[in-house]
Amino acid sequence: MIHENPTEFQTIMPFFGEQCGTHSPPPTKRDLNKSGAEVGSNPVFTNTQYVLNVKVHFISNNVPVADQQNKALDIVGSLNINYNPANIFFKYKGYDNISNPALLNFNSTNINTHFTLSTPDAIHIFISDTFNGQSPTSQGTNGICITRMANFGSGFNIYDKFIVIRKDQIPVLNSSAPSNIDFKYYTLAHEMGHYLGLYHTHTQWKMVGGQLEEANDAECGLEENYNGSQWSTLGDRIQDTNPDRSIRKYMNGSAMYNSNCTIRPQGWQANATCSTSVNFNLFNPSMNNIMAYYNTCRTGFSQGQYTYMKNFIADESVPNRFLNTKMNTIDALYLAFEGGYAGGHQGTPPPSTILRFQKGFDYEFVGCGQTTPSVIQSYGIHQIPTGHPYLTSIKITQVSNTDTQNCNYPMPSSFNGGEVITFDTMMYGGDYEIKKLNNQEVLNENLINSLPNGHHIIKKYLDNGQILESNIIKNK
Numbered sequence: 001m002i003h004e005n006p007t008e009f010q011t012i013m014p015f016f017g018e019q020c021g022t023h024s025p026p027p028t029k030r031d032l033n034k035s036g037a038e039v040g041s042n043p044v045f046t047n048t049q050y051v052l053n054v055k056v057h058f059i060s061n062n063v064p065v066a067d068q069q070n071k072a073l074d075i076v077g078s079l080n081i082n083y084n085p086a087n088i089f090f091k092y093k094g095y096d097n098i099s100n101p102a103l104l105n106f107n108s109t110n111i112n113t114h115f116t117l118s119t120p121d122a123i124h125i126f127i128s129d130t131f132n133g134q135s136p137t138s139q140g141t142n143g144i145c146i147t148r149m150a151n152f153g154s155g156f157n158i159y160d161k162f163i164v165i166r167k168d169q170i171p172v173l174n175s176s177a178p179s180n181i182d183f184k185y186y187t188l189a190h191e192m193g194h195y196l197g198l199y200h201t202h203t204q205w206k207m208v209g210g211q212l213e214e215a216n217d218a219e220c221g222l223e224e225n226y227n228g229s230q231w232s233t234l235g236d237r238i239q240d241t242n243p244d245r246s247i248r249k250y251m252n253g254s255a256m257y258n259s260n261c262t263i264r265p266q267g268w269q270a271n272a273t274c275s276t277s278v279n280f281n282l283f284n285p286s287m288n289n290i291m292a293y294y295n296t297c298r299t300g301f302s303q304g305q306y307t308y309m310k311n312f313i314a315d316e317s318v319p320n321r322f323l324n325t326k327m328n329t330i331d332a333l334y335l336a337f338e339g340g341y342a343g344g345h346q347g348t349p350p351p352s353t354i355l356r357f358q359k360g361f362d363y364e365f366v367g368c369g370q371t372t373p374s375v376i377q378s379y380g381i382h383q384i385p386t387g388h389p390y391l392t393s394i395k396i397t398q399v400s401n402t403d404t405q406n407c408n409y410p411m412p413s414s415f416n417g418g419e420v421i422t423f424d425t426m427m428y429g430g431d432y433e434i435k436k437l438n439n440q441e442v443l444n445e446n447l448i449n450s451l452p453n454g455h456h457i458i459k460k461y462l463d464n465g466q467i468l469e470s471n472i473i474k475n476k
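For the sequence shown, position 428 (counting from the first letter as 1) is numbered 428 according to UniProt numbering, and the numbering increases by one without interruption.
Below is the structure:
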């Protein structure tokens, strides 16, 4: 963001189950029709696609979490699994270990530290042990999304956000996590929903002493009617999420729903404190919605929520808005996060160049240029693709069922006197960009290992052995 010294405030609303940051004042109606053409009978939107960068931070007490990169890949992969149906994708941009015992327990005193660690180039997810001193397994805060608002002179806008998830809510970090969570990480999906503008399905219940209670007479008009007729002005402002007033019984410890995710009638009572209230039995909340508090029942979002989030991204990804610097391109999804395309002797890649792609997608490596491409190798959403077979292109089926990218032409290399010379049979007769190497790059013997696909090093020599020029060329 290119703003200095903004007037700032954080907005945090504590709820049982997830503690979630939110805007102030309550949500306004978004025009759900402006992307309406994208929503049809198929839940997969066919038009606008968005890619957002994500970084994962493991907070430790001097003993780092083991195998951090693979765990970070699981975390980002889970976001893609939950958001792929909306054509909202997440690009893995790395992880780090923050060895700082003072941050193990997330609370209001270290919010600014987290904002300082949240660089503007990505969405930042912090994995913490506890919240507000609660024991790691207590019925307390599972996750939180913190929003910092800023007054830029023309009104309050979002300045930045970050997400904190309690470690036991990350299945790959918790061997006793409920099996029905599988790979989906619903607490993280819930907090990312807040990050992208969503509210709880039970939004606008009265807050009393840190808990949500039945509304008093003065607030009866704030709750969405059980039949959803007020969706455009009350509740979460989304038409296809059913009105939900169930949170009070849940927060008081009474089991409101059965293990098969059906309502227990005895959990629903008329609101005696509000003369206009209707009996709770008339409500039919979206039990499986990720933005509800039926923790073990949550499986996904509604189409209206997907559209709402895409509208939010469209609004906030323009210049000088907070998502602008966190956006990436569809092309970035086809690039490996590790490794390079350079071959060693006889085309066998050394270990340092083995390609690895992120989880959360179905990949197909198909023959280049074929009228009916044959699938040479494939990987599922839980797998990390390793390598890129020669003469194949990459297809990511969640992105497109037809488009492929990055045909991997063989580039055998030889090593002469410490100098790397790369040859390519496709080089001549092509259309190329040329980049002049500087002196430091010329002397870097490992430069070839970091070249992206489609780049080649050319080193020309005079008859006396002197280097005339050193260039990187890239297919246009």
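The beta carbon of each residue, even a glycine, is placed where N, CA and C say it ideally should be.
Run the CB neighbour count on residue i, radius 10 Å, all protein chains shown included, and call it buried at 16 or more, exposed below.
i           : result
Gly380      : exposed
Asp244      : buried
Gln398      : buried
Val63       : exposed
Ser118      : buried
Cys261      : exposed
His114      : buried
Asp160      : buried
Asp236      : buried
Thr372      : exposed
residue 491 : Because the chain in this structure spans residues 1 to 476, residue 491 falls outside the shown range and cannot be described.
Asn258      : exposed
Pro385      : buried
Thr201      : buried
residue 478 : No answer is possible for residue 478: it lies beyond the span of the chain, which begins at 1 and ends at 476.
Asn328      : buried
Ala72       : buried
His3        : With a pLDDT of 30 at His3, under the threshold of 50, the modelled position of that residue is not reliable, and the figure given next carries that caveat. That one is exposed.
Ala66       : exposed
Thr203      : buried
Thr307      : buried
Asn311      : buried
Thr109      : exposed
Asn406      : buried
Asn84       : buried
Asn320      : exposed
Thr116      : exposed
Thr141      : buried
Thr402      : exposed
Which residue or residues does DSSP assign as beta-bridge partners of residue i?
i      : result
Ile330 : For Ile330, which the question treats as bridged, DSSP gives no partner whatsoever.
Ser60  : Ser99
Leu73  : In the DSSP output, where bridge partners are listed per residue, Leu73 has none listed.
Tyr379 : Tyr363
Leu52  : Phe90, Met327
Lys395 : Glu364
Phe131 : Phe106
His124 : Lys55
Gln405 : Ile394
Arg166 : Ser128
Glu338 : Arg356
Asn289 : Gly300
Thr386 : Arg356
Short of 7 Å in beta carbon distance, which residues of its chain neighbour residue i, apart from the five on each side in sequence? Order them along the chain.
i      : result
Asp240 : Ser302, Gln303, Gly304
Glu316 : Ile158, Phe322, Leu323
Ser400 : none
Asn61  : Pro101, Leu104
Gln68  : Phe58, Tyr95, Asn97
Asp121 : Asn53, Thr325, Lys326
Within a Cβ cutoff of 8 Å, which residues of the same chain sit near residue i, ignoring the five residues on either side of it in sequence?
i      : result
Leu188 : Ile75, Ser78, Leu79, Ile125, Gly143, Ile163, Ile165, Gln169, Ile170
Gly167 : One detail in the question is off: residue 167 reads as Lys in this sequence, not Gly. Ile127, Ser128, Asp129, Pro136, Leu173, Asn174.
Ala332 : Val51, Lys91
Once the 5 residues before and after residue i are set aside, which same chain residues still bring their CB inside 6 Å of it?
i      : result
Asn242 : Asn284, Pro285, Ser286
Tyr50  : Ile88, Ile313
Asn132 : Asn107
Leu355 : Ala336, Gly339, Gly387, His388
Ser99  : Ser60, Asn62
- Task: Please confirm if the region 46–59 is in contact with the region 93–103, defined as three or more CB-CB distances below 8 Å between the two stretches.
- Result: yes
- Message: I'd like to know if the region 382–398 and the region 359–373 are in contact, where contact means that at least 3 CB-CB pairs between them fall below 8 Å.
- Response: yes
- Query: Counting pairs of beta carbons, one from the region 190–199 and one from the region 286–296, are three or more of them closer than 8 Å?
  - Reply: yes
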